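Residue numbers (this note's numbering): 9 to 287.
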Ligand code: NAD
């Protein structure tokens with residue numbers, strides 16, 4: 009649950025953020041679902057009752073999902089469609105591009121909780137994906153990527169699932185269509201590279217992220233409620249190590265807070281810190 013914070017945004021916070029960025033040698037952009045909201049991917053908290061429709065204990069753990077798949081396959085397909093379809097159709101927005109543009113001015117690492125691959129598409133070079141990526145399929149026991157989807161692949165998968173959800177085709181016909189794209193493994197070792205509740209975070213991404221936040225000068229926390237742990241520990245660790253932590257969100261945050269949507273505020277901030285930035 010997001011904690012309600014009663015405060016107004018102050019000009020001082022903008023000055024703090026701009027001055028800290030101008031002298032920063034290492035920047036971390038720590039992004040959450042709000043970063044991609046304006047790419048058309050709803051945050052789960054903002055999507056109309058997402059967790060009420062799909063209770064996390066049934067849909068956000070592998071055991072829950074497998075149990076549900078046997079009992080109610082069409083409901084699991086609805087869940088998958090809600091998650092996959094917006095990501096299949098998404099393109100980076102101005103906030104992803106602004107995060108990538110910081111590289112022209114100082115060293116930057118993107119640490120993201122998102123699974124949408126949009127920081128890659130925007131051109132960032134150093135990215136750690138704490139919760140994995142929906143565009144990858146892994147061999148789970150070996151933690152080895154066996155396939156990388158293009159967005160066209162994802163769209164084809166999403167369309168096949170939609171046909172089953174809307175009762176235009178049978179489960180057998182859905183499986184036949186999915187087999188064209190998805191590398192099924194008869195021992196069940198292949199699965200989407202996404203971290204569900206109760207899973208360990210992706211490695212080496214988590215270890216390197218913990219290291220990175222200890223040595224950064226500024227951490228920009230963009231579009232995250234800070235309520236998904238252990239990822240949410242990272243801004244606090246950066247602050248303890250002496251970094252300036254700046255939060256960008258429409259909802260009030262503790263500390264230095266720039267109010268507004270990521271695609272509006274982050275490009276403005278980057279431009280204010282480096283007037284010649286290409287944003
Ligand atoms: P979250 O806990 O990170 O909360 C989203 C935050 O974004 C909220 O604080 C909200 O106020 C803020 N926000 C909303 N619109 C914004 C905007 N336009 N600009 C800036 N901030 C904005 O995210 P969640 O939705 O609860 O998701 C939890 C987890 O689910 C994530 O950590 C992620 O693993 C996964 N998820 C990923 C995606 C994605 O890959 N794009 C989308 C939804 C959920």
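Even glycine gets a Cβ: it sits at the ideal position worked out from N, Cα and C.
Keep in mind it's a predicted model, so treat the numbers as computed, not measured.
At least one heavy atom of the ligand NAD is found less than 7 angstroms from the C-beta of residue 46.
The region 105 to 117 and the region 73 to 81 do not touch, with fewer than 3 CB-CB distances between them shorter than 8 angstroms.
Using a cutoff of 7 angstroms, the CB of residue 259 counts as near the ligand NAD, since one of the ligand's heavy atoms is closer than that. Taking every protein chain shown into account, the CB of residue 86 has 16 or more other CB atoms within 10 angstroms, so this residue is buried. Ranked by how close their Cα comes to the Cα of residue 236, the residues 182, 139 and 129 have 139 in first place.
Around the beta-carbon of residue 183, fewer than 16 other beta-carbon atoms lie within 10 Å, marking it exposed. With respect to the 8 angstroms criterion, residue 91 and residue 39 are not classified as neighbours on the basis of their beta carbons. The three-state reading of DSSP puts residue 78 in helix, counting H, G and I together. The region 41 to 51 makes contact with the region 218 to 236; the number of CB pairs closer than 8 angstroms reaches 3 or more. Look at residue 92: its beta carbon is at least 7 angstroms from all of the heavy atoms in the ligand NAD.
Shortest gap from the CB of residue 52 to any heavy atom of the ligand NAD: under 7 angstroms. When distances are taken from the beta-carbon of residue 236 to the heavy atoms of the ligand NAD, the shortest one is below 7 angstroms.
Distance from the C-beta of residue 139 to the nearest heavy atom of the ligand NAD is below 7 angstroms. Distance from the CA atom of residue 112 to the CA atom of residue 255, rounded to whole angstroms, is 22 angstroms. Secondary structure of residue 150 (DSSP, three-state): coil. Counting of Cβ neighbours within 10 angstroms places residue 229 among the buried residues, the total reaching 16 or more. The beta carbons of residue 221 and residue 28 sit about 15 angstroms from each other, so the pair does not count as a contact at 8 angstroms. Look at the region 121 to 171 and you find these whole runs of alpha helix (DSSP H), each 4 residues long or longer: 126 to 130.
Counting along the chain, residue 267 sits inside the beta strand (DSSP E) bounded by residues 264 to 267.
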